[in-house]
Amino acid sequence: MKIATYNVNGINARLPVLLQWLAETTPDVVCLQELKAPQDKFPLQAISDAGYSAVWKGQKSWNGVAILGRGIELQATRDALPGDDQDDQSRYIEATANGVLIGCLYLPNGNPAPGPKFDYKLRWFDRFIGYAASLLASNTPTVLAGDFNVIPTNLDAYNPDRWLEDALFRPESRAAFGQLLTMGWQDAARKLHPADRIYTYWDYFRNAYSRNAGLRIDHLLLSPELANDLVETGVDRAVRGWEKTSDHAPTWIKLSR
DNA sequence: ATGGCTAATTGGATTAGA
Numbered sequence: 492m493k494i495a496t497y498n499v500n501g502i503n504a505r506l507p508v509l510l511q512w513l514a515e516t517t518p519d520v521v522c523l524q525e526l527k528a529p530q531d532k533f534p535l536q537a538i539s540d541a542g543y544s545a546v547w548k549g550q551k552s553w554n555g556v557a558i559l560g561r562g563i564e565l566q567a568t569r570d571a572l573p574g575d576d577q578d579d580q581s582r583y584i585e586a587t588a589n590g591v592l593i594g595c596l597y598l599p600n601g602n603p604a605p606g607p608k609f610d611y612k613l614r615w616f617d618r619f620i621g622y623a624a625s626l627l628a629s630n631t632p633t634v635l636a637g638d639f640n641v642i643p644t645n646l647d648a649y650n651p652d653r654w655l656e657d658a659l660f661r662p663e664s665r666a667a668f669g670q671l672l673t674m675g676w677q678d679a680a681r682k683l684h685p686a687d688r689i690y691t692y693w694d695y696f697r698n699a700y701s702r703n704a705g706l707r708i709d710h711l712l713l714s715p716e717l718a719n720d721l722v723e724t725g726v727d728r729a730v731r732g733w734e735k736t737s738d739h740a741p742t743w744i745k746l747s748r
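Last residue of the first sequence: 748 (this note's numbering), numbering continuous.
In structure tokens form, the structure reads like this:
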């Protein structure tokens with residue numbers, strides 16, 4: 492089973508790129524972030540015509556997450572992160588796909604830091620860690636995939652010094668991500684490629700992509716039940732060079748189940 | 001440190017992203 496995560500930065504603006512990528516790479520499960528579309532503006536017909544079922548949680552203007560399944564019946568289990576009824580931002584959706592629980596997340600960016608947006612990021616992260624602990628306790632084979640908006644280590648940024656004060660790289664953000672790993676979640680890309688330079692994002696400015704001035708901020712975490720099933724990981728970085736493309740590239744894993 | 005680029009909105013600039 493091939494599972495991908497892709498921050499599309501506007502699903503309707505990105506539809507031609509998304510459909511082209513789906514046709515070329517045929518992932519079985521796809522987690523999408525930053526739909527930037529209200530619930531009733533999700534392009535279900537085009538996704539369906541491409542051979543995918545979908546569950547999604549939209550929001551006007553910002554955020555929005557979805558899970559697609561290629562010929563798979565997705566059973567939605569949640570469309571929000573538990574723990575705060577006041578939080579109305581669409582940043583988490585979850586479904587089972589062929590016996591694997593898939594959590595799709597769009598963690599808050601948090602800039603500028605410090606400030607209320609960074610506070611919200613850390614609160615959201617805290618709730619996520621608490622919920623991720625309950626998932627581990629359930630002993631269900633689970634993948635947590637999405638845009639974590641965290642640069643985990645120096646190896647994950649083209650120029651770490653430039654990001655030291657940024658919400659994506661501040662110690663609090665890195666520590667929270669590290670806590671997930673300490674709990675038992677495995678960073679799939681790093682499990683197979685511990686020392687490679689891997690980027691999943693290149694900003695739109697200053698020819699970042701052609702200079703390979705990138706960041707690794709899109710991650711797929713595996714629960715221990717899946718530790719022996721990981722066979723391959725990758726980033727479809729060529730997609731970042733297409734016309735009308737997202738600033739993120741699709742990132743994926745292959746499982747032997 | 002700044003500015004640069006892209007998308008959404010009922011707009012004619014502003015906000016947010018990272």
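Heads up, the beta-carbon is just placed ideally off N, CA and C, and yes, glycines get one too.
Nothing here was measured: the structure is a model prediction, and the numbers come from that model.
Practice item. Kindly indicate which residue of Asp720, Lys745 and Thr691 has the alpha-carbon position closest to the one of aspartate 727. Key: Nearest to aspartate 727 by alpha-carbon distance, out of Asp720, Lys745 and Thr691, is Thr691.
Practice item. Determine the burial state of proline 662: buried for a count of at least 16 other Cβ atoms within 10 Å of its Cβ, exposed for fewer. Key: With fewer than 16 other Cβ atoms from the protein chains shown falling within 10 Å of its own Cβ, proline 662 counts as exposed.
**Study point:** Burial state of valine 722 (16 or more Cβ within 10 Å)
**Key:** So valine 722 counts as exposed.
Practice item. Spatial neighbours of alanine 495 within its chain, please: CB distance less than 6 Å, with the 5 preceding and 5 following residues excluded, ordered by chain position. Key: Here the set comprises Pro518, Val521, Pro741 and Trp743.
Check your understanding: My guess is that leucine 659 and asparagine 640 are in contact by the Cβ rule of under 8 Å, so how many angstroms apart are they, rounded?
Key -> At roughly 6 Å, the Cβ-Cβ gap stays under 8 Å, so leucine 659 and asparagine 640 are in contact.
Review point. Between phenylalanine 609 and phenylalanine 619, what straight-line distance do the alpha-carbon atoms span, to the nearest angstrom?
Key: Spanning the two alpha carbons is a distance of roughly 15 Å.
Check your understanding: Name the DSSP beta bridge partners of asparagine 498, please?
Key -> Asparagine 498 is bridged by DSSP to Gln524.
Practice item. Decide if phenylalanine 668 is buried, meaning its Cβ has at least 16 other Cβ atoms within 10 Å, or exposed. Key: Buried: at least 16 other Cβ atoms inside 10 Å.
Point to revise | Residues bridged to threonine 742 [DSSP beta-bridge criterion] | key: For threonine 742, the pairing in a beta bridge is given by DSSP as Thr496 and Val726.
Point to revise | Separation of arginine 707 from asparagine 600, as counted between CA atoms | key: Answer to the nearest angstrom: the Cα atoms are 14 Å apart.
Review point. Going by DSSP, what residues sit across from lysine 548 in a beta bridge?
Key: In DSSP, lysine 548 forms a bridge with Val556.
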